[in-house]
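Student: My structure is below; once you've seen it, I'll send some questions.
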Amino acid sequence: MDNDNKNEKLFFSVWRNKYLLSEIQRHHRLYRKNKKIYIGKSMDELRYHPHRRYATEIIIDVNEPLEPHGQVIPYGTAKLNFIGKLGRFNQPIQACDIPTTVTSLEFSGIYSHCFDIKSVVPPSVTHLRLGKNQEVSPNSLPPSLTRLIMKLDQDIAIGTFPKSLKYLMQFKFNRTIIPGSFGSIVELYLDFFNQPLKAGDLPITCQNLFLTKFNQPLQPNTLPPNLKKLELYRFDHPLSDGVLPKSITELYLTEFNHPLSNSLSKLHSLQDLNLSNFNQEISIETFPSSINSLVLYSFNQVIKPNVLPSSIINLILDAYNHPLELQVIPPNVKHLELHSYNCNLGKHLFPNTLQHLSISNYSKELLENDLPSSITELYFESNVSYLFNPIRFQSNSIPPLVKKLKLPRNHSQPLQVGLIPNSVVHLEIPDLYSHPLQVGAIPNSVTYVKLPEEFSPLQVGVLPESLTKLTFNYGFNQPLDPATIPKSVTQISLPYTFTHPIPDSLSHIIKRL
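Each residue of the sequence shown is one higher than the one before, counting from 209 in the numbering used here.
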């Protein structure tokens, strides 16, 4: 009798555990399937959704009322997005429409209904994006708010932003700043702001500052003392010594084009420098020795040896077209882009640290040893002038360790066997290449190849057995012959304009571009 009771208890214990495990697994499956719900046709999709209580993120992309108010958005929702793909929602919001579980709330830039923030937005919200012209006032925002995006041009009173706010993106704002009004913000975006800045206008806590349309002279001690990242897209005034804080690590001056003298040389924390429009003479004292990345898109002044800091690893000289000398390119550069260069190349002009080289305008013959053997990524782009006189290759001119190779778009020289080294795994053949591809021209190391728009039909054996991914460029519209496609290929990308029937043996690996 005791044994029977023990067995019965054991049976029900095991049964209950299995039942509970099954229930847990079922709920877990429902949660994974329904944790994010997108409403794109009608609010009925949400009202009558059988598993709406599992949702933690809801995206509403229809322009229908939230009725019945206070009941449509399920309790438990953490992220509520009224932007979606099209940003169509533009209906009034009432108190209690937003559950108190919501921590992230977003309205689109076209949302035009203003509401009382304190009664509509629950105190649980930490990330908030408001619609256009939604006014804010002191003590109206959630007390734990850390991130705010708004689209309004209004005076900001002290106390408007809670002390918890660290990130503010403010579109349209173009008013005189009241010192202290930005609280303890760390990251500040002012898209339309173009008023003179005074000492104390910006919070001393600010570390990242983005001023898209700002173009006023800057005075010393105006910018926050702990600033690390500064982006000024329209700024084009001279910079005097002491204007930029020494704490800056990233600096983007898109329109700036004035002599630098020593205005940057004392910024010993500066690592990333982008001067898109800068085209002034530089000297050995222009840049600090801390720079890792230097981008000069419009610069075309002669660079003398050892002028650029040896610390530079990433260097982009988009417009530069003066003959290079030894030690012009710093010794530690790994990534180099020369998109207008058409002067001499030769041994030792590039450092042996170079791994990535993009060159767009070179129209001479590329000789063996013109490029260092350290290069692993080599891209020959094509600009307008280059189209009429493209680069010419010798059999050993491409470095032996190159893994990624992109040949120029209008390259007309036939690809001979041995031209492409056996190290290449990623190969892009010129878009306008029209010669028949020879067997062996594409080495057996290649796993990805992009073929041109129009070329002679593929022959059996042209594509190596190492190939796994094959892309046909836009414009390609030739029948596919399964015999020419290696069995190793797991994906074929075809342009959407491709009109020929796809063989059954290849249909399972086709991807449309």
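Glycine is no exception: its CB is placed at the ideal position from the N, C-alpha and C atoms.
Give me the Cα-Cα distance between Lys249 and Thr264, rounded to the nearest whole angstrom.
Tutor: Computed Cα separation, rounded: 20 Å.
Student: For Tyr320 versus Gly339, is the C-beta distance shorter than 8 Å?
Tutor: Per the sequence shown, residue 320 should be read as Ser rather than Tyr. Yes, they are a contact pair.
Student: Any idea what DSSP makes of Ser701, helix, strand or coil?
Tutor: Ser701 falls in the strand class under three-state DSSP.
Student: According to DSSP, is Tyr256 helix, strand or coil?
Tutor: DSSP places Tyr256 in coil when its eight states are reduced to three.
Student: Can you tell me the Cβ-Cβ gap for His643 and Glu589, rounded? I've got them flagged as a contact below 8 Å.
Tutor: Between Glu589 and His643 the Cβ distance is about 21 Å, and since that is not below 8 Å, they are no contact.
Student: Would the beta-carbon of Ser327 fall within 8 Å of that of Leu353?
Tutor: Cβ atoms of Ser327 and Leu353: not closer than 8 Å.
Student: For Val625, which option in Tyr641, Pro616 and Ala649 has the closest C-alpha, if you only look at C-alpha atoms?
Tutor: Among Tyr641, Pro616 and Ala649, the Cα nearest to that of Val625 belongs to Ala649.
Student: From which residue to which residue does the beta strand (DSSP E) around Ser312 run?
Tutor: Its beta strand (DSSP E) spans residues Ser312 to Phe315.
Student: Would you verify that the beta carbon of Gly554 is, or is not, closer than 8 Å to some beta carbon of chain D?
Tutor: Looking for chain D here will not work: only one protein chain is present.
Student: For Glu343, collect the residues of the same chain with a Cβ closer than 8 Å to its Cβ; drop the 5 residues on either side in sequence, then sort them by chain order.
Tutor: Taken in chain order, the residues that qualify are Cys322, Leu360 and Gln362.
Student: Going straight from the alpha carbon of Leu447 to that of Met377, what length do you get?
Tutor: If I take the Cα positions, the gap works out to 26 Å.
Student: Could you compute how far the alpha carbon of Leu229 sits from the alpha carbon of Pro258?
Tutor: Using only the alpha carbons, I get a separation of about 22 Å.
Student: In three-state DSSP terms, what is Ser345?
Tutor: Coil, per DSSP.
Student: Using the C-alpha atoms, what's the distance from Pro433 back to Pro629?
Tutor: Using only the alpha carbons, I get a separation of about 52 Å.
Student: Going by DSSP, name the residue or residues bridged to Glu585.
Tutor: Note: Glu585 sits in a beta bridge opposite His564 and Lys612.
Student: Grouping DSSP H, G and I as helix and E and B as strand, with all else coil, what is Lys340?
Tutor: Three-state DSSP puts Lys340 in a strand.
Student: Under three-state DSSP, which class holds Gln160?
Tutor: Within the shown structure, residues of the chain are numbered from 209 to 721, placing residue 160 beyond reach of any answer.
Student: Which whole runs of the beta strand (DSSP E) in the stretch 624-712 are 3 residues long or more, in chain order?
Tutor: The qualifying runs are 634-636, 656-659, 677-680 and 699-702.
Student: Quick test of your reading: Pro387 and Pro370, contact by CB under 8 Å. State the CB separation rounded to the nearest angstrom.
Tutor: Not a contact, Cβ separation roughly 18 Å.
Student: Report all residues from its chain with a CB closer than 7 Å to the CB of Lys243; omit the five preceding and five following residues, and keep chain order.
Tutor: Same-chain partners within the cutoff: Tyr262, Ala263, Thr264 and Glu265.
Student: Can you tell which of Ser696, Ala303 and Glu458 has the C-alpha that lies nearest to the C-alpha of Leu475?
Tutor: Looking at the Cα atoms, Glu458 is the closest of the given residues.
Student: Using beta-carbon positions only, say whether Gln667 and Val654 come within less than 8 Å of one another.
Tutor: No, they are not a contact pair.
Student: Give me the residue from Pro538, His277 and Phe464 with the minimum Cα distance to Asn500.
Tutor: Measuring from the Cα of Asn500, the nearest candidate turns out to be Pro538.
Student: Ordered along the chain, which non-local residues of its own chain (more than five positions away) have a Cβ less than 6 Å from that of Tyr505?
Tutor: Counting only Cβ-Cβ distances below 6 Å, and skipping sequence neighbours, we find Ser484 and Asp526.
Student: If Ser155 and Asp449 are in contact, beta carbons under 8 Å, what's the gap, nearest whole angstrom?
Tutor: Limits of the chain in this structure are 209 at one end and 721 at the other, which puts residue 155 out of reach.
Student: On the three-pair Cβ rule with 8 Å, is the stretch 279-286 touching the stretch 296-303?
Tutor: These segments do not touch.
Student: Using 8 Å for Cβ pairs, my map puts His202 next to His564. What's the rounded Cβ distance?
Tutor: With the chain represented from 209 up to 721, any question about residue 202 goes unanswered, as that position is not in the structure.
Student: Per DSSP, Gln378 is paired with what?
Tutor: According to DSSP, Gln378 bridges with Met358 and Leu398.
Student: Any idea if Pro687 is buried or exposed, counting beta-carbon neighbours within 10 angstroms, 16 or more meaning buried?
Tutor: Exposed: under 16 other Cβ atoms inside 10 Å.
Student: Less than 8 Å between the beta carbons of Pro598 and Ser571, yes or no?
Tutor: Yes, the pair counts as a contact, with Cβ atoms nearer than the cut-off.
Student: Exposed or buried, which one is Ser715 when buried takes at least 16 other CB atoms within 10 Å?
Tutor: By the neighbour-count rule (16 or more Cβ atoms within 10 Å), Ser715 is not buried but exposed.
Student: How many Å lie between Arg617 and Ser605 at the Cα?
Tutor: Whole-angstrom Cα-Cα distance: 18 Å.
Student: Look up Arg720 in the DSSP assignment and give the residues it is bridged to.
Tutor: For Arg720, which the question treats as bridged, DSSP gives the partners Leu702.
Student: Does the beta carbon of Ser348 fall short of 7 Å from some heavy atom of the ligand ZN?
Tutor: In the structure on display, the ligand ZN does not appear, and there are no ligands present to speak of.
Student: So what does Leu417 bridge to, in DSSP terms?
Tutor: BP columns for Leu417 point to Leu396 and Leu438.
Student: According to DSSP, His476 sits in a beta bridge with which residue or residues?
Tutor: Paired residues: none, contrary to the question.
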